[in-house]
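Worksheet: one structure, shown below.
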Amino acid sequence: MGQHPRSSDKAAVGAIDPGTETPTRPAREDIIVVGAGIIGVACALQLARQGRRVTVLDTQGPGLGASYGNAGHLATEQVFPIADLSILKRLPAMLLDPMGPLRLDWKYLPRALPWFARLLLNLRPTHYQRTVAGIRALNEASLGAWQRLLASLDRAELLREEGSLLVFEREDSRDALDSLHRRMQQQNVPVTYWSGEAIRKVAPQLSERIQGGLFFPATGHFLDPYQAVCELVAAAEASGVQFLKRKVLDACVNADRVTLSTDQGLLAARQVLIACGAHSAKLTAALTGKQVPLDTERGYHLMLPHEHQRLPFAVTSLERKFIMTPMAGGLRLAGTVEFAGLERPANMARAWQLHRLSKGLFRQDLNAQDATPWMGFRPSLPDSLPIIDRVCDGKVLLAFGHQHLGLTQAAVTAEMVGRLSDNGVAEPGPYRLSRF
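Taking my numbering, the leading residue of the sequence shown gets 1368, the next gets one more, and so forth.
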């Protein structure tokens, strides 16, 4: 979604008067999905297979936002929030180090402070436990949901279910790794400790500096995340879903429909699903009256097209805080979090920093020739849980805020949205809009 007009403009949020215009197309749709990322496309396919007439709107082609450049890691092991109380100690470094793994832009600080205040409040024990339980519940169901979805497409080979690894290099990191190991076990995350020797048996190109790590067998990686979106789009179109390039300017809920004002006229449907990631807050406010504390983690990747056969599965560095995922198009280095909002231009030096971070992890340095940098917006709420809900008497469905787990949780979110659309009531749980 693009920028909303100024409040003085005729098409400002909340200013629509559906009686003054007629939709440019008949309101034949059962549901309009706003957002053509992995979440929106998976939901659109699910809804179409349930017999719904579905139209998907986005300002760009399907999968060209954050879904295009994610790490490709099916991260079912990541059951903890994006931050803990140590963030207070790290705040000075976040502000001072432009290349640090967690970066807060000085100019964005005033806007970010309320979000960070909410984040810290959600680290209180009761709230923290609720968050972990909510993430874990989604992640535990994610692999099975993806298996079902890919099997229905006859494209199971897109996902490699070969596990993933978190490695450490320094002896003084062992206590932190052991602590994480215990916490993972307490949350019933499948995990085993591997020695450095065991790691090099399966990944012989990794260096002798790696002392050991945690192996997560119930994880996997996509060979091409964008191709996965394209396969879902093809299946959705075969099921009757229509994809339109539209910028949503405004929206309102009426007695029998939801009306959207777009840059190409009005559209109406019985239901609307908001699934436009980091751009979802304004539309949610227009339709529900709720101001959602949604911010964006700006994530970067560096794609190395000449690097094949280096790793058998995704490997994350504990100390260097980034991930390396083998893909059909080469090796993708991804990670780091930057809080700078939706407007500031990308700082691609952060993407190139990923190559520098990789030095020393392999027996021979990675080849960065013809490498391509990328930045995308991950939608994040301060409690690290998505909103998956049904509001406005069922006319508005919500599916956004999955932070860096959008790819992981897309298939299970689609199944949940399918139930929300059909059942008439929202499921109890920690994903409700009302928590804000």
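All C-beta atoms in this analysis are idealised placements derived from N, C-alpha and C, irrespective of residue type, glycine included.
(1) What does DSSP give as the partner residue(s) for H1588 in the beta ladder?
(2) Buried or exposed: V1779, going by 16 or more other Cβ atoms within 10 Å of its Cβ?
(3) In whole angstroms, what separates the C-alpha of G1587 from that of A1442?
(4) If we count the other Cβ atoms within 10 Å of its Cβ and call it buried at 16 or more, is A1716 buried or exposed?
(5) To which residues of the same chain is E1705 closer than 6 Å at the C-beta, ignoring the five residues directly before and after it?
(6) Under the assumption that D1756 contacts L1765 (Cβ atoms under 8 Å), give the Cβ distance between them as a whole number of angstroms.
(7) Excluding sequence positions up to five away, which residues of its chain have a Cβ less than 7 Å from the Cβ of S1775?
(8) Helix, strand or coil for T1391? Go by DSSP, reduced to three states.
(9) Quick one: grab the DSSP three-state call for R1503.
(10) Given this structure, state the Cα-to-Cα distance separating L1633 from C1643, to the nearest angstrom.
(11) If you draw a straight line from the alpha carbon of H1646 to that of A1565, how long is it in whole angstroms?
(12) Assuming K1612 is part of the beta strand (DSSP E), what are its boundary residues?
(13) What whole-angstrom Cβ distance do L1654 and V1615 have, given they're in contact under 8 Å?
(14) Quick check: the Cα distance between Q1658 and L1516, rounded to an integer number of angstroms?
(15) Hey, could you find the ends of the beta strand (DSSP E) R1491 is sitting in?
(16) What separation, rounded to the nearest whole angstrom, lies between the Cα atoms of V1408 and G1428?
(17) Based on the DSSP output, what are the partners of A1701 in its beta bridges?
(18) Could you check what DSSP says for I1449 in three-state terms: helix, strand or coil?
(19) With a threshold of 8 Å on Cβ separation, who are the neighbours of T1559 within its own chain once the five nearest residues in sequence on each side are excluded?
(20) What residue from P1492, Q1594 and V1446 has the CA that sits closest to A1500's CA?
(21) Looking at P1797: is its Cβ nearer than 8 Å to the Cβ of R1567?
(22) For the pair the segment 1465–1481 and the segment 1729–1746, tell me if three or more CB-CB distances fall below 8 Å.
(23) Just curious, the alpha helix (DSSP H) that L1654 is in, first and last residue?
(24) If we count the other Cβ atoms within 10 Å of its Cβ and call it buried at 16 or more, is V1556 buried or exposed?
(25) Give me whichever residues DSSP pairs with C1619 in a beta bridge.
(26) Report the three-state DSSP secondary structure of A1681 (helix, strand or coil).
(27) Could you please give me the residues that DSSP links to V1421 through a beta bridge?
(28) For L1685 versus V1569, is the C-beta distance shorter than 8 Å?
(29) V1792 by DSSP, collapsed to three states: which one?
(30) Please go through the same chain and pick out, in chain order, the residues whose beta-carbon is closer than 6 Å to the beta-carbon of W1741, but skip the five residues on each side of it.
(31) Put G1580 into one of helix, strand or coil per three-state DSSP.
(32) Verify whether the separation of the beta carbon atoms of V1401 and V1639 is less than 8 Å.
(33) Only counting the same chain, and skipping five residues up and downstream in sequence, which positions put a Cβ closer than 6 Å to that of T1389?
(34) To the nearest angstrom, report how far apart Q1631 and R1613 are at their CA atoms.
(35) Taking the alpha helix (DSSP H) that G1563 belongs to, which residues open and close that run?
(36) Could you give the first and the last residue of the continuous alpha helix (DSSP H) run that contains V1414?
Concretely, from the data shown:
(1) DSSP output for H1588 lists H1440 and R1527 as bridge partner(s).
(2) It counts as buried.
(3) 7 Å
(4) Exposed: under 16 other Cβ atoms inside 10 Å.
(5) R1470 and R1665
(6) 5 Å
(7) This sequence places Thr at residue 1775; Ser is not what is there. Counting only Cβ-Cβ distances below 7 Å, and skipping sequence neighbours, we find L1441, A1442, T1443, N1506 and S1509.
(8) Annotation note: pLDDT 47 at T1391 (below 50); position unreliable, no value reported.
(9) Look at R1503 here: in three-state DSSP terms it is helix.
(10) Rounded to whole angstroms, L1633 to C1643 spans 19 Å at the Cα level.
(11) 44 Å
(12) Q1609 to K1612
(13) Not confirmed; about 10 Å, so no contact.
(14) A direct Cα-Cα distance of roughly 33 Å separates Q1658 from L1516.
(15) Counting along the chain, R1491 falls outside any beta strand (DSSP E), and DSSP gives it neither H nor E.
(16) Between V1408 and G1428, the C-alpha separation is close to 11 Å.
(17) H1668 and I1690
(18) Shown here, I1449 sits in coil according to DSSP, grouped into three states, outside any helix or strand.
(19) L1581, F1582 and P1584
(20) V1446
(21) Not in contact: P1797 and R1567 (Cβ atoms no closer than 8 Å).
(22) Below 8 Å, too few C-beta pairs join the segment 1465–1481 and the segment 1729–1746 to call them touching: fewer than three.
(23) S1647 to T1655
(24) buried
(25) T1626
(26) It is a strand residue.
(27) I1398
(28) no
(29) Of the three classes helix, strand and coil, the one that applies to V1792 here is coil, per DSSP.
(30) G1436 and H1668
(31) strand
(32) yes
(33) At T1389, the pLDDT of 46 sits below 50, so the modelled position is not reliable; the number obtained from the coordinates is stated separately. Once the five neighbours on either side are set aside, T1389 has no close Cβ partner at all.
(34) 7 Å
(35) For G1563, the uninterrupted alpha helix (DSSP H) run begins and ends at G1563 to V1569, by DSSP.
(36) It is worth fixing the name first, because residue 1414 is Leu in this sequence and not Val. I1405 to R1416 is the extent of the alpha helix (DSSP H) around L1414.
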